[in-house]
Structure formats: C-alpha cells, structure tokens
Amino acid sequence: MSMDQLKRDYKSKDLQFVSIDGSGNVLTTDQQLFPLTKGTSIKDFHPFFESIEIYFEDHDKHFKLECVHINERIFDIDFLINTDNTAVVIFREGTDFYNRVQVIAQKRNESIISQESLELKNLILKEQEEFKNVFIRNFSHELRNPLTLVSSFSSMLLKTELNLDQQMLVEAVKDQSDKLRDILNDIIDLSILKTNSLSLESAPFALDKLLKRIHLNYTTAIASKEIKISLEVGSTVPKNLIGDKRRFEQIITNFLDNALRHGKGEKLQIIIKENQRRANKTSLRIQVNTNKGIIPDLSNVSSLEEYASLDKGDLEKTTGLSFSIARELAQLMDGKIAIKQNEDGGTSQIADIKLTFPLHHTEIEEKPEDKTVNKIKFSEKVRTIIAENNSVTQMTALKVLVGSGNFDTQVFTDPKQLLHAVENEEHDLILMSSSLSHMDAIELMSLIKEFANDHNKKIPIIAVSTKTLPEELTAYRKAGFKDVVKKPYTDDELLNTIYKRLNIKKFK
Amino acid sequence: MVSKKIVIVGHFGVGKTSLIRRFVEDIFSEDYKVTIGVHILKKTVEINDKEINLILWDTEGTDDIEEIRKAYLLGTHGFIFVCDLSRPITYKNIESQIDYLKTNFNNVPILSIGNKSDLLPKGSISGKKEEMSFLDMLVSAKEGNNVQRLFEKMAKMLF
Chain F
69 MSMDQLKRDY
79 KSKDLQFVSI
89 DGSGNVLTTD
99 QQLFPLTKGT
109 SIKDFHPFFE
119 SIEIYFEDHD
129 KHFKLECVHI
139 NERIFDIDFL
149 INTDNTAVVI
159 FREGTDFYNR
169 VQVIAQKRNE
179 SIISQESLEL
189 KNLILKEQEE
199 FKNVFIRNFS
209 HELRNPLTLV
219 SSFSSMLLKT
229 ELNLDQQMLV
239 EAVKDQSDKL
249 RDILNDIIDL
259 SILKTNSLSL
269 ESAPFALDKL
279 LKRIHLNYTT
289 AIASKEIKIS
299 LEVGSTVPKN
309 LIGDKRRFEQ
319 IITNFLDNAL
329 RHGKGEKLQI
339 IIKENQRRAN
349 KTSLRIQVNT
359 NKGIIPDLSN
369 VSSLEEYASL
379 DKGDLEKTTG
389 LSFSIARELA
399 QLMDGKIAIK
409 QNEDGGTSQI
419 ADIKLTFPLH
429 HTEIEEKPED
439 KTVNKIKFSE
449 KVRTIIAENN
459 SVTQMTALKV
469 LVGSGNFDTQ
479 VFTDPKQLLH
489 AVENEEHDLI
499 LMSSSLSHMD
509 AIELMSLIKE
519 FANDHNKKIP
529 IIAVSTKTLP
539 EELTAYRKAG
549 FKDVVKKPYT
559 DDELLNTIYK
569 RLNIKKFK
Chain W
796 MVSKKIVIVG
806 HFGVGKTSLI
816 RRFVEDIFSE
826 DYKVTIGVHI
836 LKKTVEINDK
846 EINLILWDTE
856 GTDDIEEIRK
866 AYLLGTHGFI
876 FVCDLSRPIT
886 YKNIESQIDY
896 LKTNFNNVPI
906 LSIGNKSDLL
916 PKGSISGKKE
926 EMSFLDMLVS
936 AKEGNNVQRL
946 FEKMAKMLF
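Which chain is which? The protein sequence lines are F and W, in order.
With this note's numbering as the guide, the letters of the first sequence map in order to residues 69 to 576.
With this note's numbering as the guide, the letters of the second sequence map in order to residues 796 to 954.
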C-alpha cells in the first residue's frame, strides 16, 4: 500500500461524508462509519435529523454540532450548506474521547452535588438548632412571671408566723421554686452559649477570696446534710486572676451542684491546681471529687454526650444542664472538661482552663454581697409607680412593696395614663416591666424623659424584666434605667435593688 | 406528521435525562449518569386527534443557560427548564435564565418545572407549590408523577 493511500485511509478513518438535498434525501455517501443508502431520507436514520430543514433556512452556511449521541456512538457533526440547496454532512467519530470526558465530568458533578448536599444538611441543622434555642428561650421567659409570684410569696410567707407543718410546706414550695429558677437560668445560659453569643469579661479578681467564699457558701448551705466539703489550692496557683469571675465561679458551682445532686458519698473535694504557666498565662485545673456515686455510666463518650445534652428534650436529663454549661464555659476559656470515675467508686469532674494573671500582686477587694434590708423602715413612704400589664407580676410587686410598709403604690397598665401621671404628679420611683400594652419599655423610657415634670425626671426607674441576655441588660442601662430586676425575683431581691437605687436618707 | 423540537435545559443532576426516559421509555434508574453533549429521543403524542412528533433534546447540565452550545438550540419550538426541588442552587437564578430564553428565542413556549417531588415530605407538596410559585409544575421522574402531563402540556402549547 502506498504512503499516500495510507495517509488518506488514516485521515478518513473516523470520518464519513454524506451529501443531502434540502429535504434530507441522501445524494452521495461513503460507508466509513455507518451504512446509509443513496436515495433514502437521512431523517429516518435518527431523530437528530428530523429538523434538518432549519439549517437550510438559516443565514449561516456552516454549523458545527459537537458531541451528538447517535445510536450509542458520539459524533461531532458539521453541516456545510451549498448554494444549490444541497448540503454536506461530515460525521467525525469521538466516542472514545467523549467517553473519557464523561468519566471526568461524572466525578466532578458527583463531588459538587455531594458538597451541596452536605452544605444543605448543615444549614438545616443550624436552623433546627436556632429554632430550638429560640423556643427554649421563649418558653423559659413565659415561665418567669408565675415563678416570680411563687418565689416571692413563699419567701414572704416564711417571714410570717407559721406553725411547724405550715413552715415545712412553705419551705418545700420555696425550695422547689428556687430549683426551678436555677434550671430556667441554666436553660437560658445554655441557649446563649450554644448560639456563641456570650462574650467573657476580662477583669482582675481575687481567686483566693473567691474560692474561700464558694467554700463557705456551700458548707453553710449543706450544713444539715452529713457532707464535708474540703478546699485544696495548689501552692503555685496565682492569688489573683484576670478573667470573667462570674463564669469562672459558675464552672465550680455547677460542678458542685452536679456532685450534690448525684453524689451519694459524704465527702466533696474542691481542688484547684496549676497545670503549667508561661509568662502571665496559666493553665488551671478545677477538680470536684465525690467519694461515691454520681454521674451515670461514663464508660464511653456517647453517654457523656447524652448526659450533657438537652437534645432529646427529656426533662429528666436536665440534671445534665449544669455540666453542659460548664463544658461550654470551659471551651470559651480555651479549655475542656472531663468526668472520670475514681477507684474509690466516686467521680471527678475536671475542667482545664486557661487564664491570665497580673504579674505584680496587688490586693483586690471583693465587693460585699447585698445584705437583706428587709427590716428597713421609712418614716416617709416612697411614692411608687408599678407599670405592669401582667396581673400575676403586678400582684407580686404590689404585695412585696405594700408588705414592707415603705411604699405607696400606683399601678398603671396604660402608657397614656402613665405619661399623664409622670407629667402631672410627683413620684419617687418607677418599676417598669419589659413592655406596657405592647409598648416596649425602652421606647416608653424615652417618652417619660420627654413628658416627665422636673421632679420625676430625677427619680430612679428600674426595669423588671424577663429579658436577661447581656445585650438586653446593656440596652436597658443605655436607655437610662437605673437597674434591672430579673424575673423571677424574690421579695428580698426586689427590695434590695430598690433600696440600692433610692436615696434612702430622704425617706428615713 | 408534524415534528416539534423541544430542548430540555437546566443545572446538572436535576434529572433531565430521567425525565425524558420516564416519558419515552417509562423507565427510571437511581444511578446518576452525567450527560455530555446532547441525546435526542423521539416520542409521538396525540393532541386533539392529531399526531405530533416530539423531538426531545436532552442537553448536558450547565450552571448558566448561555453555556449551552448555540447550534443545539437552533430551531427550538419549546423549552423545558428543569430544576431540582431539593437543591436551591438549581433554581436560584431561574428568573434570569427564563428571561434569557424569552429574549433570545423569540418567545417560544417555556415550561419551568421542579423535579424530584418524591423527595418532599408527604403532605407538603401543595405548600411547596405555593412557595415555588415561579415553577409551572412539580414532577417526579422517579415515580412518574406529572411527567406525561408535562409533555402533553408542552405539546398543546405548540399548537
């Protein structure tokens, strides 16, 4: 075979040339790729050619159609329209090439779809989590008003003359309402932590004094139970730290509450030691040990997850809330927590956290805790406005204030009447709920500032609210509220806040 | 007999090929096989006692309709824009895609449809229909729901 012949054969190996007339009838053809018969219509060969007329009608005279599947094979097809209304159709076989392209495209598309699917699932999970957190927050807010009444009234009742039976019953009510309040606060804390909306404060605090106070508080609180609490602080642990004192304390108290709730032993140990330090950074270990019982099966991680999770919505598991909160807080402090079973049958709750400490030691004074001022008696009554729609909390505030004998109260449920009163009468104090007849307290505050007479412009206004998120408290203070009493409150908490914000000398 | 060219377009993986196979051959495969280039199938339907050949061009999936080879779209009588109800990205830009087709193809009939309605939770289809009001029809190539109706509707629009 000559070289020219070979070249021709190789050039035309994957090609077929077909000429057709304007109706699609085959005029000439080779049989290189598939058999076509002269005189037959190319439209009958494959549906691809059914609309062949359009190529004759268009002003372009050369059309290229790549990657057309015809009878299990793949072709690039060229249409060349001649001036005599005939056309040449050139088929170029590309089956092998396009099959390789297909494999690559398959991998690419599958990977993209799988990625999209993961992103979508992630988004759905986030939405579910957000819904759960909002639901929990709203649900716990709804519980705050009735709980305020139970907490305050049981506390007030305990201060009256009761026989032994009555005292026991009221103490039980008070005890349970306190527990319910703690759970509510834990739920709110956890929902804030889960949405990453909590930021830690950073201020110096005296660790040694804090630990002594915690130890004293718990020792006093469980004096009736036969449990001994010991405190051991490592010699290298800094006396002062820089960080969020309240949240640091919360980790320890949550561990202690957890241990007291589940422990069956008679010994509780609080151990604080230093893991390591570098420059002004220290890694501290907080460890709370019980000598018997506590915490369910901890032999595997999943049960720990289950224990510390609210996800199943099972209220029985809310006992794990405090541990969950401690875990989230430890993570915020660049640390982690663990629960370990000890050889003596007890359990250790451990948090390793990182904090900074001041390089030069200075004495940091702890602010004394607010003392109950229940026995304060004024010679002049405090003219007080209670702006509150909710009848339950209205009654609670009324009873607490009137019960103290120091207040003359006026209740308002209508913002218009409230504004009229601050404009035309003189008062000494306003307690305002988070909203009044759908008008937000902050909005109402700006109207009070505008309408109040000169005397009332200077009086303290205290918010009494279920809104207790850090950003909500900041908003109240920015708006001009002197303080915020968080619902649910006890009678002492309400009175303490009021006395703190009033010019007491004026009424004595 | 009259022949009408219908081009099926849309994002990849939305089920264009499955839709045509369900309509033409009444079969469905769970396996996803990427289409490259174009497959052409034919089915004859009867509309108002007249037979009509639907020439169905199954194009490869693209993020943007402008990426489709122009020569494929020459002489198109109707478009079916398919999206996947379970993948928002496949209908995110549907309005601009439909506008492009309307502008460049002389207002040929267009049906936009949401495939994979079988993936929607039971009882949620009417709600989804309201939510996806920009779609003309919800279909399922897997279960065959509305597939016949879709192509018959298109055929009627062509007469």
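Ideal Cβ positions, reconstructed from N, Cα and C, are used throughout, including at glycine.
Within the segment 898 to 925 of chain W, not one residue has a Cβ closer than 8 Å to any Cβ of chain F. The beta carbons of Thr96 (chain F) and Lys81 (chain F) sit no closer together than 9 Å. Ser270 (chain F) and Arg176 (chain F) have their C-alpha atoms spaced approximately 49 Å apart. Under the DSSP assignment, Lys132 (chain F) falls in the beta strand (DSSP E) whose first and last residues are His130 to Ile138. Proximity of chain W to Phe165 (chain F) at the Cβ level (cut-off 9 Å) is not reached, the minimal Cβ distance being about 10 Å. Looking at the backbone, the Cα of Arg160 (chain F) and that of Pro115 (chain F) are separated by about 18 Å.
Interface residue (Cβ-Cβ distance to chain W less than 9 Å): Asp126 (chain F) is classified as such. Relative to Lys280 (chain F), the option among F:Ser298, F:Leu266 and F:Lys293 whose CA is nearest is F:Ser298.
Distance between Ile180 (chain F) and Leu400 (chain F), taken at the CA atoms: about 34 Å. Contacts between Glu134 (chain F) and chain W, judged by CB atoms closer than 7 Å, involve Gly832 and Arg864 in chain order.
DSSP places Met949 (chain W) in the uninterrupted alpha helix (DSSP H) bounded by Val942 to Met952. With a beta-carbon spacing of about 6 Å, Leu497 (chain F) and Pro528 (chain F) fall inside the 8 Å limit used to define contacts.
If you check the CB distance, Ile142 (chain F) and Lys132 (chain F) do not come in under 9 Å. The C-alpha of Lys917 (chain W) is placed about 56 Å away from the C-alpha of Leu563 (chain F). Its chain contains Lys307 as the residues whose beta carbon lies nearer than 6 Å to that of Asp276 (chain F), once the 5 sequence neighbours on both sides are disregarded; these appear in chain order. Thr461 (chain F) places its beta carbon less than 9 Å from that of Val532 (chain F). Proximity of chain F to Lys811 (chain W) at the Cβ level (cut-off 8 Å) is not reached, the minimal Cβ distance being about 13 Å.
In the DSSP assignment, the residues bridged to Arg346 (chain F) are F:Lys349. In the three-state DSSP reduction, Ser91 (chain F) falls in the coil class, being neither helix nor strand. Distance between Thr452 (chain F) and Asp508 (chain F), taken at the CA atoms: about 20 Å. The beta carbons of Val470 (chain F) and Thr477 (chain F) sit closer together than 9 Å. Note on the segment 872 to 937 of chain W: whole alpha helix (DSSP H) runs with a minimum of 4 residues are 889 to 899 and 920 to 926, in chain order. Counting the other CB atoms within 10 Å of its CB gives Ile192 (chain F) a total below 16, which places it among the exposed residues. Unbroken beta strand (DSSP E) runs of no fewer than 3 residues, entirely contained in the segment 440 to 486 of chain F, are found at 450 to 455 and 475 to 480, following chain order. Under the three-state reduction of DSSP output, Asn150 (chain F) falls in the coil class, being neither helix nor strand. By DSSP's assignment, Gly311 (chain F) forms a beta bridge with F:Ala271.
Around the C-beta of Lys573 (chain F), fewer than 16 other C-beta atoms lie within 10 Å, and the residue is accordingly described as exposed. Among the residues of chain W, those whose CB is under 7 Å from the CB of Glu184 (chain F) are Arg882 and Ile884, following chain order.
Scanning F:Leu352, F:Phe316, F:Lys443 and F:Leu266 for the CA closest to the CA of Ser303 (chain F) turns up F:Leu352. Excluding its 5 nearest sequence neighbours in each direction, Ile822 (chain W) has C-beta neighbours in its own chain below 8 Å: Arg816, listed in chain order. Pairing Glu195 (chain F) with Arg205 (chain F), the inter-Cα distance amounts to about 15 Å. Among the bridge pairs identified by DSSP, Ile498 (chain F) is matched with F:Ile453 and F:Ile529. Annotation: the continuous beta strand (DSSP E) that includes Ile835 (chain W) extends over Val833 to Ile842. Distance between Leu226 (chain F) and Pro426 (chain F), taken at the CA atoms: about 45 Å.
Cα atoms of Ala455 (chain F) and Leu537 (chain F): separation of roughly 21 Å, rounded to the nearest angstrom.
Between the beta-carbon of Glu342 (chain F) and that of Lys296 (chain F) there is about 25 Å, and that puts the pair past the 8 Å contact cut.
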